[in-house]
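*Asks:* The structure follows.
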Amino acid sequence: RPSLRLYDLELDSTALQEEEKRVLLVKELQGLTGAQRDHMLRGMPLSLAEKRCLREETLTLRGKWRGQHGRRGRLSCYSRLRYACVLAGRDLGLGLLAGLQALAPWRYALKRIGGQFGSSVLSYFLFLKTLLAFNALLLLPLLAFIVGVQAAFPPWAEQRQGVSWEARGFGCRVSPSLLPGLCASPPMSSPPPGSVPHSMSRSFGESYRVGSTLGAHAITVFCSWDHKVTQKWASRLQHDNIRTHLKELLAEWQLRQGSRSVCGRLRQVAVLVAVWLLCLGITFGCTVAVYAFSELTIESPVSAEREGAQLALPLVVCLLNLGAPYLYRCLAALERHESPVLEVYVAICRNLILKMVILGILCYHWLGRRVGTLKDQCWENFVGQELYRLMVMDFLFTLLDTLFGELVWRLISEKQLKKGKPEFDIARNVLELIYGQTLTWLGVLFSPLLPAMQIIKLLLLFYVKKMSLMANCQAPRRPWLACHMSTVFISLLCFPSFLGAAIFLCYAVWQVKPSSLCGPFRTLDTMYEAGKVWVRRLEKAGPRVSWLPWIHRYLVENTFPIYLVSALLLAVIYLNIQVVKGQRKVICLLKEQISNEGEDKIFLINQLHSVYERKDRGRAGRTQEAAMPLNLLTGDQDTW
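Those letters in the sequence shown? Residues 1 to 640, by UniProt numbering.
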């Protein structure tokens, strides 16, 4: 009988071979650089845990090898110290980077929202994240060139004695360098002109890709899973993401297959016209109410001591902005759109018309009516205070609506209507963000730190909206793919909001006369003349700065460079459009070539099948012919 020890040794031979292979692999990895080692490990068909163990063993053995050779004299003490400092610095940098990423509010929340509620609700939080980046980009130059300069070089003492620069913002005294009413705000404190258009062009490039969505279902099924995921909660989250994405793709495909009769379409058009007329009537009523109340505040002015009465106009505006979208939502229930995407777009249009018309009335009230009535006061401070009050009131109403309004709406939907939790109103919430950002851009000339308030507001809104979404809302009953929603949001932020704020600020800089009692422009007819005064001072300064007045004269005041740059931009846009058209044509030709090659393969396969069938028939015929004489012989023998 063979010994059990020998039997165990024979069984362990494979394990010894695997261990030898592992040692050889570790030695081979030690001889490579870091990039080559990572590339080689990435290409190996091993699990993530095994790759991590191999990397740790390689680094550990390499450290021991370097320590042994350092003791032999090949690696000096200074080199080892420098190597340790480099490793410590790298670990510190990675730790700080990981800490900053952990502090970001969208670290894990966006994946959870996308997996549970779909891409439509996720687009709102992505848009909020984009607005945070815009305001951070806007705040940096304002802090550096306006607030920092005023803090380093405060106004003169005689100016402080002559005019009170403390502005009453929202029931408390605020320093002019912080909030409403800035005594040294130059006309160049407008939003960065290229940030929003650049983001819009980038969003268009990411959304409208060249190609089609054919085969997206198969790609999602077979190529969406990340095999590096090892934790259970991460795999469950990714599973929810893939499932929700498949639901959205299938819902979009079913929507394309559906159709409606002629009578149904006519009935739908009639309902749409009636609902649109009612919504426009509500918008017109809100506009008339804001205009009438603003005229009432002019006819019966409120003293500066009665700060509570100064909140009347912002209170009315916020109440109308809060109540009208709910009326739109109730009327939209009568339309019954087939496409949930179209339903969201229609709601966005209605809310956008309401917000922009109200802001237009307010801008006319500030620059068209109030400037003439505030002759003995600083109208710049008044406009800054009004925008500050509007921002604070809008934030408070948004918090109340989120914390209590959505809770009440959920209770009504669950208890009375028996429909379960309501859906997240994307149109209303997105237009609230656009409205708040427009207020920030309108007030950046008169209150430079409004972007800082907007950043704090957006951060708080992120957490509050996420909490309310998880508690009071459910996923859309009809899933839909929000493939272009981010582009639509950025477009609305660019054209009505950013363009309107730019027109408002340009009109205030070029046309409105500054206050004669306060501000750095009180001796000028317009704020724009400050640039001309600066150019005249540069001309008298000497020949060293003579090129600056030349630039202002021929590049700023002259309109020909503007037209030239516009023509170049149009030419670049035209060339990009032609390139995209060419790429689409090439893609169509390649698709036709692929289909032709597939048809050729099918034809060749059919030909091969026909050849094999003929050969099989020939063999069968020959076997039958060979069997015929044998049958005859057996028949003759039977007769004998």
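The C-beta atom is built at its ideal place from N, Cα and C for all residues, glycine as well.
Just so it is clear, the structure is predicted and the values come from calculations on it, not from any experiment.
1. Give the DSSP-derived three-state secondary structure of E338 in the structure shown.
2. By a C-beta neighbour count over all protein chains shown, 10 Å radius and 16 as the cutoff for buried, is R370 buried or exposed?
3. Here's a check: name, in chain order, each residue in its chain whose Cβ is nearer than 6 Å to the Cβ of R267, leaving out the five neighbours to either side.
4. List the endpoints of the continuous alpha helix (DSSP H) containing I455.
5. Can you tell me whether S515 is buried or exposed? The criterion is at least 16 other CB atoms within 10 Å of its CB, across all chains shown.
6. With DSSP as the reference, please indicate the residues paired to E423 in a beta bridge.
7. Report yes if the CB atom of L342 is closer than 8 Å to the CB atom of F117, and no otherwise.
8. Of all the alpha helix (DSSP H) runs that stay within the bounds of the segment 520–607, which reach a length of 4 or more residues?
9. Buried or exposed, going by whether 16 or more other CB atoms sit within 10 Å of the CB of S566?
10. I need the DSSP call for A144, collapsed to helix, strand or coil.
11. Could you check if K355 is buried or exposed, using at least 16 other CB atoms within 10 Å of its CB as the buried criterion?
12. Here's the rule I'm using: 16 or more other beta-carbon atoms within 10 Å means buried, otherwise exposed. How should W225 be labelled?
13. What do you get for A427, buried or exposed, if any count of 16 or more other CB atoms within 10 angstroms of its CB means buried?
14. Whole-angstrom Cβ separation of A508 and W441, contact assumed at under 8 Å?
15. In whole angstroms, what is the alpha-carbon distance linking G169 and L362?
16. The alpha helix (DSSP H) with A274 in it runs from where to where?
17. One question on the structure: do R522 and N472 come within less than 8 Å of each other, judged by their Cβ atoms?
18. Please confirm if the segment 458–465 is in contact with the segment 125–142, defined as three or more CB-CB distances below 8 Å between the two stretches.
19. Pull up the CB-CB distance for T283 and L48, whole angstroms please, since I reckon it's below 8 Å.
20. Quick check: S447 and Y388, are their CB atoms within less than 8 Å of each other?
21. Between T623 and the rest of its own chain, which residues show a CB-CB distance below 8 Å, the 5 nearest in sequence each way excluded?
22. Tell me, to the nearest whole angstrom, how far the beta carbon of residue 654 is from that of L278; I am working on the premise that it is less than 8 Å.
23. Since I believe D401 is in contact with L517 (beta carbons under 8 Å), could you give me their beta-carbon distance rounded to a whole number of angstroms?
24. Out of K51, L315 and S413, which has the shortest C-alpha to C-alpha gap to D394?
25. Hey, would you say L128 sits closer than 8 Å to L458, going by beta carbons?
26. Which residues in the same chain as R107 place their Cβ atom closer than 8 Å to its Cβ, once the five residues preceding and following it in sequence are excluded?
27. Pop quiz: V392 and W366 are said to be a contact at Cβ under 8 Å. What is the actual Cβ separation, rounded to whole angstroms?
28. Please determine, among L280, H245 and L96, the residue with the shortest C-alpha to C-alpha distance to I219.
29. Check whether the Cβ atoms of V290 and V317 lie closer than 8 Å to each other.
*Replies:* Working from what's here:
1. Here E338 sits in coil by DSSP.
2. The residue in question, R370, is buried, as its Cβ has 16 or more Cβ neighbours within 10 Å.
3. Answer for R267: no residue qualifies.
4. In the DSSP assignment, I455 falls within the alpha helix (DSSP H) that extends over L450 to N472.
5. With 16 or more Cβ atoms within 10 Å of its Cβ, S515 is classed as buried.
6. Bridge pairing for E423: Q474 [DSSP].
7. No, the pair does not count as a contact, with Cβ atoms beyond the cut-off.
8. Within the segment 520–607, the alpha helix (DSSP H) runs of at least 4 residues that lie entirely inside it are, in chain order, 529–541 and 547–551.
9. Exposed.
10. Note: A144 maps to helix in three-state DSSP.
11. So K355 ends up on the buried side.
12. W225 comes out exposed.
13. By the C-beta density criterion, A427 is buried, having at least 16 other C-beta atoms within 10 angstroms.
14. Going by Cβ atoms, the distance from A508 to W441 rounds to 12 Å, so no, they are not a contact pair.
15. Below a pLDDT of 50, predicted positions are generally treated as unreliable, and G169, at 40, falls in that range; the measurement from the model is reported next regardless. Spanning the alpha carbons of G169 and L362 requires a straight line of approximately 18 Å.
16. In this chain, the alpha helix (DSSP H) harbouring A274 covers V262 to E299.
17. No, these two residues do not count as a Cβ contact at 8 Å.
18. They touch, by the three-pair rule.
19. Between T283 and L48 a beta carbon distance of about 56 Å is seen, past the 8 Å cut, so the two are scored as non-contacting.
20. Going by C-beta atoms, S447 is nearer than 8 Å to Y388.
21. No residues qualify anywhere along the chain.
22. One cannot answer for residue 654 here, as it falls past the ends of the chain, which runs 1 to 640.
23. Cβ atoms of L517 and D401 stay farther apart than 8 Å, at about 40 Å.
24. Nearest option by C-alpha distance: L315.
25. L458 sits close to L128, with the two beta carbons spaced by under 8 Å.
26. Setting aside the 5 residues that flank it on each side, R107 is surrounded in the same chain by Q101, each with a C-beta closer than 8 Å to its C-beta; the list follows chain order.
27. Not quite, the Cβ-Cβ distance comes to about 17 Å (not below 8 Å), so this is no contact.
28. The shortest C-alpha to C-alpha distance from I219 to any of L280, H245 and L96 is the one to H245.
29. The answer is yes: Cβ separation under 8 Å.
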